[in-house]
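Right, dumping it as structure tokens:
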């Protein structure tokens, strides 16, 4: 066995950057069956014979002769007692990011449930069971071919013949979404497969088709060295081969991965003021699989200051370090929240034109409430259909927080804040209001202005509305404070200083916070529009310009474009055959001045422009015919069976046709 490969594999497993992909060889000697063994068993049971050679075709023929339900039940009886045994069982104790299996039997998920100390284990048999966010406390065991525990004809039933497989690929599109997204970011370990396993090869071909050639390294364990032809094929798919007996491999991998693991997966750290409490991931796993409370990580994630001032706001660390201009509006919000005595839910709308600093006001308020006032903050995910917990879910989460904080912080949390950097639908606001009526902890919601007419707001009698206008006249004391701030922050992020006179000139000229920041951090003090035009014009590759324009259209419509839709649209517009790696490389290299990449906990990636002001100007300076072509290509390449892509186009239409702001033309 190649110890170098084994060590690399152990490293990525310890960092929780590896996906286990398990086949029938895992349980073949402990109650399970290889595919060929299962077919032979059925042939014996039914006394079946035919000239057919392909096992899938044999199963289809048995369905026709003996009835699909009868065949299904025979398979259930054969596999019911399958287990994992040591040392193979030790694999189920390692910190996998996710586990995929093509096995019908339940041995792997049973062993994961028994052996995983730090994570809850959830079995997924259909795509509908995936939460949109979560995984901080979970390992998902995804059954690509269904489960022996599911009865015939039910969702998640075993995929037995070619017809079942065709239907399953359609019904479980969400599972294949997740599979492809994982492969774009993580390494895979394939175990329990043979060189000739059609399912194994089908998965590799599918990923290669969706992703193109990537730099990701995957690993596969086989008993024997493959033939040159097979070895070449696997190498083309980025698969490194480890030749070893499965039991010996499992024992060595467990030892090496365990000794490398220094990350505490058992606990999640939640900020309490400037202190921290640790809650057991398993105890709050249900809540974390659906909702996004702020962990210490979000306060500590480092950010390049130039990207922060351009609009990268995924981390709260810059607000903790006071890189931002502390607006009086943030203090107003903090006062509103902290004075809430739980009589009514506070709904705080932050209004303002693009570039006025709405997002910075919201995030600086959230950061201050967490660190100075012991608030519990929960982000409202823009990619979730039901982002607000019900009273029972919230109370269970609070009980665990109180249990671990009772001695040191008996009053935590003093209040709960939900926040969103985007406008919210009426139904979401109403859900927060209902939650506030039932909670014994004061609840507030902070979000961008939704432009809800006054008569519509009367539908929320349980809520008390506040309006913060981010549009301000930069004069008097505010102007002096901003001048002082700019002089100070420029010293921190640039080697050369800027004069007081120049700062005053920029403030008088630009009048909005984002354009002011762009101009003052620019060594030549160009306007934001000039910076955008110069940076865009200097890009020599026309294909990269089309890439940026695709992201600009998505951002202009208030959406981040999913990775695979961006790749399909880009290739369609440019005639290129870009891989997933190429798509990321453009964002990191030639497009880095414009394109922001974010990802959720499922490693699903989204692309956008740093700020909607920048996106709007990019659209303004771009050729209308090219933009129209991009819109058509997006529509042509949308896969409505993909949850991410369907959500993207659906939300874009709702936000910009049904609820279109009056100031924004279609």
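Residue numbers (the numbering used here): 3 to 668. We put the beta carbon where it would ideally sit given N, CA and C, even for glycine.
In this structure residue 308 is exposed. Its beta-carbon is surrounded by fewer than 16 other beta-carbon atoms within 10 angstroms. The continuous beta strand (DSSP E) containing residue 143 extends over residues 140-145. The Cβ-Cβ distance between residue 550 and residue 522 does not fall below 8 Å. Annotation: residue 212 to residue 580 spans about 11 Å, alpha carbon to alpha carbon.
With contacts defined as CB atoms closer than 8 Å, residue 251 and residue 17 fail to qualify as a contacting pair. Look at the beta carbons and you see the segment 600-620 not touching the segment 231-240: under three pairs across the two are nearer than 8 Å. By a beta-carbon distance limit of 8 Å, residue 99 contacts residue 21. Their separation comes to about 5 Å. Judged by DSSP in its simplified three-state form, residue 189 adopts strand. Boundaries of the alpha helix (DSSP H) around residue 74: 70-81. Excluding sequence positions up to five before and after residue 280, its CB lies within less than 6 Å of the CB of 269, 271, all in the same chain and listed in chain order. The Cβ neighbour count for residue 191, taken over all protein chains shown within 10 Å, is at least 16; the residue is labelled buried.
Rounded to whole angstroms, the gap between the alpha carbons of residue 81 and residue 103 is 15 Å. Straight across, the Cα-Cα distance linking residue 442 with residue 294 is about 20 Å.
Taking C-alpha positions only, residue 7 is separated from residue 241 by approximately 11 Å.
Judged by beta-carbon spacing, residue 338 lies within the 8 Å limit of residue 468, meaning their Cβ atoms are closer than that value.
Taking a cut-off of 8 Å for Cβ pairs, the segment 337-357 and the segment 433-450 touch, as three or more such pairs fall below it. The beta carbon of residue 489 sits closer than 8 Å to the beta carbons of 499, 500, 502, 505 from its chain, once the five residues preceding and following it are set aside; these are given in chain order. Annotation for residue 556: 562, 563, 610 place their beta carbon closer than 7 Å to its own, counting only its chain and skipping 5 residues before and after. Its Cα nearest to that of residue 537, the residue 592 stands out among 518, 320, 40, 592. One Cα belongs to residue 327, the other to residue 510, and the distance between them is close to 17 Å. Taking C-alpha positions only, residue 160 is separated from residue 62 by approximately 14 Å. Remark: C-beta atoms of residue 181 and residue 90 do not approach each other more closely than 8 Å. Looking at the backbone, the Cα of residue 317 and that of residue 305 are separated by about 7 Å.
Between residue 382 and residue 420, the C-beta gap is smaller than 8 Å, which places the two residues in contact.
Residue state for residue 381 is assigned as strand, using DSSP reduced to three classes. For residue 466, the enclosing beta strand (DSSP E) begins and ends at 465-471.
Per DSSP, residue 399 lies in no beta strand (DSSP E); the unbroken alpha helix (DSSP H) holding it starts and ends at 393-407.
According to the DSSP assignment, residue 520 belongs to no beta strand (DSSP E) but to the alpha helix (DSSP H) extending over 515-523. Cβ neighbours of residue 25 within its own chain (closer than 6 Å, five residues either side excluded): 104, 194, 195. Under the 8 Å Cβ criterion, the segment 282-299 counts as touching the segment 388-395, having at least three qualifying pairs.
Setting aside the 5 residues that flank it on each side, residue 332 is surrounded in the same chain by 363, 366, 367, 370, each with a C-beta closer than 8 Å to its C-beta; the list follows chain order. Per the coordinates, the alpha-carbon of residue 526 lies some 15 Å from the alpha-carbon of residue 493.
In this structure the segment 635-643 lies against the segment 568-575, because at least three pairs of beta carbons, one per stretch, are closer than 8 Å. Residue 589 sits in a helix when the DSSP states are folded into three classes. In this structure, the straight-line span from the alpha carbon of residue 125 to that of residue 425 is close to 34 Å. Counting along the chain, the unbroken beta strand (DSSP E) around residue 23 starts and ends at 20-24.
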